[in-house]
Structures are given as C-alpha cells and as structure tokens.
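**Q**
In the UniProt record's numbering, the protein residues as written are 1 to 71.
(1) If you scan the segment 13-59 from start to end, which runs of the alpha helix (DSSP H) of 4 or more residues do you find wholly inside it?
(2) In whole angstroms, give me the CA-to-CA distance for residue 17 and residue 24.
(3) Go ahead and label residue 19 buried or exposed: buried means 16 or more other beta carbons lie within 10 angstroms of its beta carbon, across all protein chains shown.
(4) Do you know how far the Cα of residue 69 is from the Cα of residue 1?
(5) Near residue 52, which residues of its chain fall below 7 angstroms by C-beta distance, leaving aside the five closest residues on each side in sequence?
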C-alpha cells in the first residue's frame, strides 16, 4: 500500500518486519498514524473486529519476539 513509517528502535523495527503484512499494516496505522480500529477497517475494507484481532495478535507476536531476543 506504500505506507512508510520510520521506526527508530531497531528491535521493534525487526519485530515489525517479522509480522505478516496485514498485522504490520494495521499496527502501523493504529500506533504510528493514530487511526482508530473503525477508520482502519474502513480504509482496508475489513470488519472492525477483524482489525482488532489483527492488532491484538500482532502485539502479542511483537511481545514474544522481543522477549525471545532479550533472553
């Protein structure tokens, strides 16, 4: 989709790259572009509940990635 967001934390940047495209896109739109789940759902033609699930599962994957890296 051409979304480009600068992430200065190398570990977070790597964790984001490891995510499936849709989860990464939703997380970037929500946390870096300050869009709501409803706005993202409209933009991506998804149900709001689908956006929420992608966002929460994406966060869980990032947390797991970062915890494994810290070990």
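Don't be surprised by glycine CBs; every beta carbon is placed ideally from N, CA and C.
**A** Let me lay it out:
(1) Inside the segment 13-59, DSSP marks whole alpha helix (DSSP H) runs of 4 or more residues at positions 21-27, 37-44, from first to last along the chain.
(2) As a first step, residue 17 must be located in the chain shown, where it is residue number 17. As a first step, residue 24 must be located in the chain shown, where it is residue number 24. Taking the Cα positions, residue 17 is about 7 angstroms away from residue 24.
(3) Looking up residue 19 in the chain shown gives position 19. Residue 19 is buried by the Cβ-count criterion.
(4) Counting from 1 along the chain shown, the entry for residue 1 is found at position 1. Counting from 1 along the chain shown, the entry for residue 69 is found at position 69. Legend: pLDDT at residue 1 = 49, less than 50; position of this residue unreliable, value from coordinates given subsequently. Cα-Cα distance, rounded: 29 angstroms.
(5) On the chain shown, residue 52 is found 52 positions in, with the first residue counted as 1. For residue 52, where only same-chain residues beyond five positions count, the Cβ hits under 7 angstroms are 37.
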